[in-house]
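Asker: Position 233, counted from 1, in the sequence shown is what our numbering calls 233; the numbers after and before it change by one each time, with no gaps.
Structure below; questions to follow.
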Amino acid sequence: MRKEEKKIWDSYLTKFSAKMEGGLLKNLKEEVNIRSDIVEKHYMKLMETIGVKGEDIKCTLMNTFAYSVFDKYNWKLRDKGESPSKEYRRFKKTITRIEDYLDEDLIYYAIKDECNELGNLNRAEIEKIITSMSQFANAIKNVKSIELINFANELKSYIAFNTSKYIPEKIYRVKSQYYGSLLMMNVKDNATAIETLKTVILCLPIGEQQIANMYTYLLTVILNVWNIAGRSNIYAPLDHGVAEVLLSLGLTDKRIENMEYESSGYKAYKIICDTLFPEDPSKMMVARAVAERWCYQRKIKICDECWLNKLCPKEY
């Protein structure tokens, strides 16, 4: 085991290791497997409700990204009695075509005046959203092929050689590591294509792990845009709700706070997903469903109704 990996296990995963060695994770895996179908059906219905499913393919690629950006604010919106889907539908009253995403003033209006809560974000945050959506829309309009490997390659080239020109220097310094990774990527199969799509999103001003993972999850698992057989590198987004559920289940030694793509906390999360569900780590989306329904942002957790209640030691 490499020094870095050992540090991650020692910092976050000693309880997970003990449960695994003691054979205490079998029932949890079985329950999550059962519930993952329900979660997938929920997101399929959600994509239909907000009008993404069944669109022209380029519209699907763009609007799924826009929804994934809104989903970044999931817990903030829920705290205000809102949801990403409600805010997205308000936003789409104004932004109806890919061309609309190229008009930064129009995006600003759609967020600031049409959305109930996202319009209250600070100006710098809104500008990151606007720039990211506009740049991504430009990239989508310029790609010629939507076949996964070709699409990833074309998107990589466009983002790497065009969007960096328009990112403020302060943001570019933070994002430069991702641009470096993107340029070095060799897109040769579906797995490397998916990783490239994630890195493309990380390069954008608003881009982060949560958006990148939600985007690839929705496109591949829910919308099945490319009919990919394997899901071994598709992950549910890690957010504060998921971190809470992992802690309650006793899968982590402490709550994961740093969720950036290269952080130790995120790598620990990936180890958990890969160990429990090596063929489909996206099944950890069940943890997010549990967080939304019963576990997170509540004065009193509704444990009796939770899918995982009998399997949860409630270590929080």
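We put the beta carbon where it would ideally sit given N, CA and C, even for glycine.
Among Y109, V39, I149 and D79, which one has its Cα closest to the Cα of K93?
Answerer: Residue Y109 is the option with its Cα nearest to K93.
Asker: Which residue wins for smallest C-alpha separation from W280, given the options K188, Y235 and Y261?
Answerer: According to the sequence shown, residue 280 is Asp rather than Trp. The residue with the shortest Cα to Cα distance from D280 is Y235.
Asker: If you draw a straight line from the alpha carbon of T60 to that of F136, how long is it in whole angstroms?
Answerer: Those two C-alpha atoms are separated by around 13 angstroms.
Asker: Report the CB separation of A139 from I171 in whole angstroms; it is logged as a contact under 8 angstroms.
Answerer: About 17 angstroms; that fails the 8 angstroms criterion.
Asker: With a floor of 4 residues, list each alpha helix (DSSP H) that falls wholly inside the stretch 233-290, ordered by position along the chain.
Answerer: Qualifying alpha helix (DSSP H) stretches, in chain order: 240-248, 264-276 and 285-290.
Asker: For the putative contact between I194 and I201, defined by C-beta atoms under 8 angstroms, what is the C-beta separation to the nearest angstrom?
Answerer: In fact, because the Cβ distance is near 11 angstroms, the residues do not count as touching under 8 angstroms.
Asker: Grab the span of the alpha helix (DSSP H) containing D10 for me, first residue to last.
Answerer: K3 to Y12
Asker: For K175, which residues of its own chain have a beta-carbon under 7 angstroms away from its beta-carbon, when the five flanking residues on both sides are left out?
Answerer: Listed in chain order, the non-local C-beta contacts of K175 below 7 angstroms within the same chain comprise I167 and C203, local neighbours out to five positions each way being set aside.
Asker: DSSP state of K41, grouped into three classes?
Answerer: helix
Asker: Y316 and E244: beta carbons closer than 9 angstroms?
Answerer: yes
Asker: Can you give the beta carbon distance from E117 to K72, rounded, assuming they're within the 8 angstroms contact cut?
Answerer: That belief does not hold up - the Cβ atoms of E117 and K72 are roughly 13 angstroms apart, past 8 angstroms.
Asker: Between the stretch 145-153 and the stretch 181-188, do at least 3 Cβ pairs fall closer than 8 angstroms?
Answerer: Contact between the stretch 145-153 and the stretch 181-188 is present, because at least three Cβ pairs lie under 8 angstroms.
Asker: Quick one: what's got a C-beta closer than 7 angstroms to Y101's C-beta in the same chain, skipping five residues either side?
Answerer: M62, I95, I107, M133, S134 and A137
Asker: I'd like to know if K76 contacts chain E, where contact means its C-beta is closer than 9 angstroms to some C-beta of that chain.
Answerer: Going by chain labels, chain E is absent from the structure shown, which holds only one protein chain.
Asker: Relative to the C-alpha of H67, which candidate in K45, F91 and K76 has its C-alpha closest?
Answerer: Residue identity check: residue 67 is Tyr in the sequence provided, not His. Looking at the Cα atoms, F91 is the closest of the given residues.
Asker: Under a three-way DSSP split, which group does K310 fall into?
Answerer: helix
Asker: Using a Cβ-Cβ cutoff of less than 7 angstroms, which residues in the same chain neighbour W307 once the five nearest sequence positions on both sides are dropped?
Answerer: Apart from the 5 residues on each side of it in sequence, W307 sits with its Cβ closer than 7 angstroms to the Cβ of E31, R35 and V290 in its chain, given in chain order.
Asker: Using three-state DSSP, classify Y109 as helix, strand or coil.
Answerer: Looking at Y109 - three-state DSSP - the assignment turns out to be helix.
Asker: On the DSSP letters alone, give me the boundaries of the alpha helix (DSSP H) that L183 sits inside.
Answerer: E169 to M184
Asker: Apart from the five residues on each side of it in sequence, which residues of its chain come closer than 7 angstroms, Cβ to Cβ, to Y178?
Answerer: T199, L202 and C203
Asker: Determine the direct distance from the alpha carbon of V225 to that of Y215, and round the result to whole angstroms.
Answerer: Y215 and V225: Cα-Cα distance of roughly 12 angstroms.
Asker: Taking 7 angstroms as the limit between beta carbons, can you name the residues of its chain near L219, skipping five residues before and five after?
Answerer: T64 and V225
Asker: Could you spell out where the alpha helix (DSSP H) holding Q297 opens and where it closes?
Answerer: Unbroken run through Q297: none, as it is neither H nor E.
Asker: Taking DSSP as the reference, what is the three-state secondary structure of V187?
Answerer: coil
Asker: Do three or more CB pairs link the stretch 263-271 to the stretch 8-28 at distances below 8 angstroms?
Answerer: yes
Asker: By DSSP, does K141 sit in helix, in strand, or in coil?
Answerer: helix
Asker: Since V69 is in the alpha helix (DSSP H), which residue starts that stretch and which ends it?
Answerer: I57 to D71
Asker: Hey, could you find the ends of the alpha helix (DSSP H) N153 is sitting in?
Answerer: Residues L148 to F161.
Asker: Cα separation between L183 and P278?
Answerer: 28 angstroms
Asker: For N227 and N122, I'd like the C-alpha separation in whole angstroms.
Answerer: Roughly 39 angstroms separates the two Cα atoms.
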